[in-house]
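Asker:
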């Protein structure tokens, strides 16, 4: 690895942006205001046009680079991509990432206190859509003085947000980079989301969404996460990582047990248990429902119509082993952009790491991102009027 | 469809075979005896060599053809393949299918009464393996007077049993037809099994396996089944069957709800709810664990060593859209048989129906099965001694 790749943004402090006016959701419901927790890395330049917005996936948050304390074992979730000298170079760009509206890592969501009742919103929280998440992010951009986005970048649900950014604010977004995503949540993805929701909602501790943060449907949420985690990986990567290796006690002791026997079982249980300590079950319901609702073609009549306003340069990246949002679904985004007369590139990376490929270390991906961010933007002039 | 294809075995009556001697499991545990529920179609010929054994998958049972009553809405699970004039022609063959040992459709399993306690075995039932299932089936064959099997046929877990039949009783099995299966349960398949088991075992109603048939972990079992059902289908088939179509009430009413909104959600909930009325949660734990344990190469040192005793003609069928036991895993079985010096063919069928492709109507599959069963068996002579 080149020395330039090794830079870290260092210690970062999350901040809160509070919007204190009424905010209307697509559902018609409203909040008297909301807070978005966010982090920034690098400096906004004088012309306020070097900002890059990072959009996170279902279980992600605003902490995508650096560390909060020197003792942190892990850095932010996209630290390999973002930092001084990295593909998203914080020496040049002002990078912003916010926890999504409806989330549970500091932004207003179902676990936030409803000022009317002094209790958590629970299922009284408005239904949130990807559209609502993006509109809330736009208010944060305005607050930060960002005048234009050099790029919006996101994978998975973050890719959905990035696409909507380019559709809703075409003059604001100069580059759109969407990875491992889809323009339309398909039946299989909805089905997995529904099983996760059922695991949560059928847990008696869910109590129709009315629980304390210490209580709550911990069992159901862990089951949902264990299952979802499998969909982020691939058969090949799981076999390489775990194969049929057994836990030490199982290898030496009784092979006939329902207790943890294989390493992959232990890994999954760890994933489930660590998730329940950082994620709110109601947020999981809301955000998976937001994913289910996402269907750009239906919302705008056709995918070409959806992309008609886009002015951004566009790069879509699919990963061969991603079976949650497979390559075809990513390729189809680029094709629809092309049919709509837009600048669009599609790159397909051969990985065997599954959906999470967009998060993993890949010089090939870094080079694509770097090249895309260097690309000179020629604004698309619309001659059709 | 040709008229000859339309034959049905008609009304069938399941029977019970009771073995009243001590039976030792691979785990070292024993039962004082056991019962297998089974069905037969067609007649055993005078030379007792026209029998075909059908082995069922995880959630299957002995009822693979015909109907139990004229009112039955559904016929047996492989009725499209088995019957007079069909690919497995009951005019020629004596077809047998038994519910597996450890099952819950009439064969002895965890829901059976433990004669010592007069209570259901629950988790006191011996750990069962595919090996145990096959040995129990062999006792049934002996009881029925079957002297040789024209063929053993199975898909998924049934394919595992079929392979072990040819390994354990090489002189008894003349043809082995395994479909949509694997010689080695991989990490992803173990992972899905483990999530299902956790959903069951974390349901308070599981009560460490000690529950009445009316009670039990119905919620956990339904969650496990919903998830597993997704793995039996494919993204493409789910999208074709359900797409993003909404339930009538959701289409007309409130689009913002955690209640059933998409047809695929309704379908999955139906799958979960109908399963809990026919399947025992402890059986689900035992049989998924039997799947996890299955690794022929490890059990025999290598896959070639495992297949060394085989004398059967062999056909392995993989399905392109099967992502639970993908084509490669099926192809690898045939390749290992070839390396072991055996007669082995591999056919890969292009379907988009996923793992369950082996169950679905396919003239291409019928023709392969028919041709394989017609194939004259040339016994393999071992010149190595």
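Chains as they are written, first to last, in our numbering: chain E, 1 to 385; chain F, 386 to 770. For every residue, glycine included, the Cβ atom is placed at its ideal position computed from N, Cα and C.
(1) Please name the residues in the segment 314-328 of chain E whose beta-carbon is closer than 8 angstroms to at least one beta-carbon of chain F, in chain order.
(2) What is the DSSP secondary structure of residue 14 of chain E, counted as helix, strand or coil?
(3) Taking only beta-carbon atoms, is residue 346 of chain E less than 7 angstroms away from chain F?
(4) Determine the DSSP secondary structure at residue 674 of chain F, reduced to helix, strand or coil.
(5) Closer than 6 angstroms by C-beta to residue 570 of chain F: which residues in its own chain qualify, once you throw out the five before and the five after it? Chain order, please.
(6) Does the CB of residue 3 of chain E have a neighbour CB from chain F at under 7 angstroms?
(7) To the nearest angstrom, how far is it from the Cα of residue 398 of chain F to the Cα of residue 449 of chain F?
(8) On the CB-based measure, 16 or more other CB atoms within 10 Å of its CB, does residue 143 of chain E come out buried or exposed?
(9) Would you please verify whether the beta carbon of residue 629 of chain F is less than 7 angstroms from any beta carbon of chain E?
(10) Residue 162 of chain E and residue 48 of chain E - do their beta-carbons sit closer together than 7 angstroms?
(11) Do residue 57 of chain E and residue 156 of chain E have their beta-carbon atoms positioned less than 7 angstroms apart in this structure?
(12) Using CA atoms only, rank isn't needed, just tell me which of E/72, E/234, E/343 and E/10 is closest to residue 575 of chain F.
(13) Tell me where the alpha helix (DSSP H) around residue 701 of chain F begins and ends.
(14) In its own chain, which residues sit with a C-beta less than 6 angstroms from the C-beta of residue 427 of chain F, not counting the 5 before and 5 after it?
(15) For residue 256 of chain E, would you say it is in contact with chain F, using Cβ-to-Cβ distances shorter than 7 angstroms as the test?
(16) Counting only beta-carbon atoms, is residue 372 of chain E nearer than 7 angstroms to chain F?
(17) Is the separation between the beta-carbon of residue 140 of chain E and that of residue 98 of chain E shorter than 7 angstroms?
(18) Given residue 100 of chain E, which residues of its chain have a CB within under 6 angstroms of its CB, disregarding the five upstream and five downstream residues?
(19) What residue ranges within the segment 506-547 of chain F form continuous alpha helix (DSSP H) runs of no fewer than 4 residues, ordered along the chain?
(20) Compare the C-beta of residue 119 of chain E against all C-beta atoms of chain F and say whether one is closer than 7 angstroms.
(21) Count the C-beta pairs between the segment 588-597 of chain F and the segment 265-277 of chain E that are closer than 8 angstroms, then say yes if the count reaches three, no if not.
(22) Label residue 119 of chain E either buried or exposed according to how many other C-beta atoms from any shown protein chain fall within 10 Å of its C-beta, with 16 as the threshold for buried.
(23) The alpha helix (DSSP H) that contains residue 622 of chain F, what's its start and end?
(24) Starting from residue 349 of chain E, follow the beta strand (DSSP E) in both directions and report where the run begins and ends.
(25) Let me know if residue 19 of chain E comes out buried or exposed under the rule of 16 or more other beta-carbons within 10 Å of its beta-carbon.
(26) Excluding the 5 residues preceding and the 5 following residue 469 of chain F in the sequence, name in chain order all residues of the same chain whose CB lies nearer than 6 angstroms to its CB.
(27) Hey, quick one: how far does the alpha helix (DSSP H) through residue 649 of chain F stretch, first residue to last?
(28) My output table needs one value for residue 645 of chain F: the three-state DSSP class, helix, strand or coil.
(29) Rounded to a whole number of angstroms, what is the C-alpha to C-alpha distance between residue 78 of chain E and residue 728 of chain F?
(30) Give me the DSSP bridge partner(s) of residue 207 of chain E.
(31) By the 9 angstroms beta-carbon criterion, what residues does the segment 452-478 of chain F contribute toward chain E?
(32) If you draw a straight line from the C-alpha of residue 106 of chain E to the C-alpha of residue 125 of chain E, how long is it?
(33) Is it right to say residue 435 of chain F is buried, meaning 16 or more other beta carbons lie within 10 angstroms of its own, or is it exposed?
(34) I'd like to know whether the C-beta atoms of residue 131 of chain E and residue 247 of chain E end up nearer to each other than 7 angstroms.
(35) How would you label residue 667 of chain F, buried or exposed, when you count the other beta carbons within 10 angstroms and need 16 or more for buried?
(36) What three-state label does DSSP hand residue 390 of chain F in the structure shown?
Answerer: Straight from the coordinates:
(1) 323 and 326
(2) The sequence position of residue 14 of chain E within the first chain is 14, counting from 1. Coil at residue 14 of chain E, not helix or strand.
(3) Position 346 of the first chain, counted from the first residue, corresponds to residue 346 of chain E. For residue 346 of chain E, the answer is no, since every Cβ of chain F falls outside 7 angstroms of its Cβ.
(4) As a first step, residue 674 of chain F must be located in the second chain, where it is residue number 289. DSSP places residue 674 of chain F in the helix class (H, G or I) of the three-state scheme.
(5) Here residue 570 of chain F refers to the residue found at position 185 when the second chain is read from its first residue. The residues are 676, 677 and 679.
(6) Within the first chain, numbered from 1, the residue matching residue 3 of chain E stands at position 3. At residue 3 of chain E, the pLDDT of 43 sits below 50, so the modelled position is not reliable; the number obtained from the coordinates is stated separately. False, the Cβ-Cβ gap to chain F never drops below 7 angstroms.
(7) Counted from its first residue, the second chain places residue 398 of chain F at position 13. Counted from its first residue, the second chain places residue 449 of chain F at position 64. Computed Cα separation, rounded: 12 angstroms.
(8) For the purposes of this step, residue 143 of chain E is taken as the residue at position 143 of the first chain. By the neighbour-count rule (16 or more Cβ atoms within 10 Å), residue 143 of chain E is not buried but exposed.
(9) Taking the first residue of the second chain as 1, we reach residue 629 of chain F at position 244. At least one chain E Cβ lies under 7 angstroms of residue 629 of chain F.
(10) By 1-based counting over the first chain, the position of residue 48 of chain E is 48. By 1-based counting over the first chain, the position of residue 162 of chain E is 162. Cβ distance not < 7 angstroms, so residue 48 of chain E and residue 162 of chain E don't count as in contact.
(11) Mapped onto the first chain, residue 156 of chain E falls at position 156. Mapped onto the first chain, residue 57 of chain E falls at position 57. Yes, these two residues count as a Cβ contact at 7 angstroms.
(12) The sequence position of residue 575 of chain F within the second chain is 190, counting from 1. When only C-alpha atoms are compared, the closest one is E/234.
(13) Your numbering for residue 701 of chain F matches position 316 in the second chain. For residue 701 of chain F, no alpha helix (DSSP H) encloses it; the enclosing beta strand (DSSP E) starts and ends at 698-704.
(14) By one-based count along the second chain, residue 427 of chain F stands at place 42. Same-chain partners within the cutoff: 475, 478, 479 and 480.
(15) As a working note, residue 256 of chain E is residue 256 in the first chain. Yes, residue 256 of chain E counts as interfacial toward chain F.
(16) Numbered from its first residue, the first chain carries residue 372 of chain E at position 372. Not closer than 7 angstroms to any Cβ of chain F, the Cβ of residue 372 of chain E fails to qualify, so no.
(17) Counting from one through the first chain, the residue named residue 140 of chain E turns up at place 140. Counting from one through the first chain, the residue named residue 98 of chain E turns up at place 98. In this structure, residue 98 of chain E lies closer than 7 angstroms to residue 140 of chain E by Cβ.
(18) Here residue 100 of chain E refers to the residue found at position 100 of the first chain. Only 133 meet the Cβ criterion.
(19) Taken in chain order, the complete alpha helix (DSSP H) segments of 4 residues or longer contained in the segment 506-547 of chain F are 515-529.
(20) The count along the first chain starts at 1 and reaches residue 119 of chain E at position 119. Chain F has no Cβ within less than 7 angstroms of the Cβ of residue 119 of chain E.
(21) no
(22) In the first chain, the residue the question calls residue 119 of chain E occupies position 119. The residue in question, residue 119 of chain E, is exposed, as its Cβ has fewer than 16 Cβ neighbours within 10 Å.
(23) Numbered from its first residue, the second chain carries residue 622 of chain F at position 237. Segment 620-626, the alpha helix (DSSP H) holding residue 622 of chain F.
(24) Within the first chain, numbered from 1, the residue matching residue 349 of chain E stands at position 349. 344-349 is the extent of the beta strand (DSSP E) around residue 349 of chain E.
(25) The residue labelled residue 19 of chain E in the question sits at position 19 within the first chain. That one is buried.
(26) Against the second chain, residue 469 of chain F aligns to sequence position 84. The answer, listed in chain order, is 392, 475 and 476.
(27) Residue 649 of chain F sits at position 264 when you count from the first residue of the second chain. Per DSSP, residue 649 of chain F belongs to the alpha helix (DSSP H) from 648-661.
(28) Position 260 of the second chain holds residue 645 of chain F. Looking at residue 645 of chain F - three-state DSSP - the assignment turns out to be coil, as it is neither helix nor strand.
(29) Working through the first chain from its first residue, we reach residue 78 of chain E at position 78. Working through the second chain from its first residue, we reach residue 728 of chain F at position 343. The C-alpha of residue 728 of chain F is placed about 52 angstroms away from the C-alpha of residue 78 of chain E.
(30) Here residue 207 of chain E refers to the residue found at position 207 when the first chain is read from its first residue. For residue 207 of chain E, which the question treats as bridged, DSSP gives no partner whatsoever.
(31) none
(32) Your numbering for residue 106 of chain E matches position 106 in the first chain. Your numbering for residue 125 of chain E matches position 125 in the first chain. Rounded to whole angstroms, residue 106 of chain E to residue 125 of chain E spans 15 angstroms at the Cα level.
(33) If you number the second chain from 1, residue 435 of chain F lands on position 50. Its Cβ being crowded by 16 or more others within 10 Å, residue 435 of chain F is buried.
(34) Numbered from its first residue, the first chain carries residue 131 of chain E at position 131. Numbered from its first residue, the first chain carries residue 247 of chain E at position 247. For residue 131 of chain E and residue 247 of chain E, no; Cβs fall outside 7 angstroms.
(35) As a working mapping, residue 667 of chain F is identified with position 282 in the second chain. Taking every protein chain shown into account, the CB of residue 667 of chain F has 16 or more other CB atoms within 10 angstroms, so this residue is buried.
(36) In the second chain, residue 390 of chain F corresponds to position 5, counting from 1. With a pLDDT of 44 at residue 390 of chain F, under the threshold of 50, the modelled position of this residue cannot be trusted; read the value that follows with caution. Looking at residue 390 of chain F - three-state DSSP - the assignment turns out to be helix.
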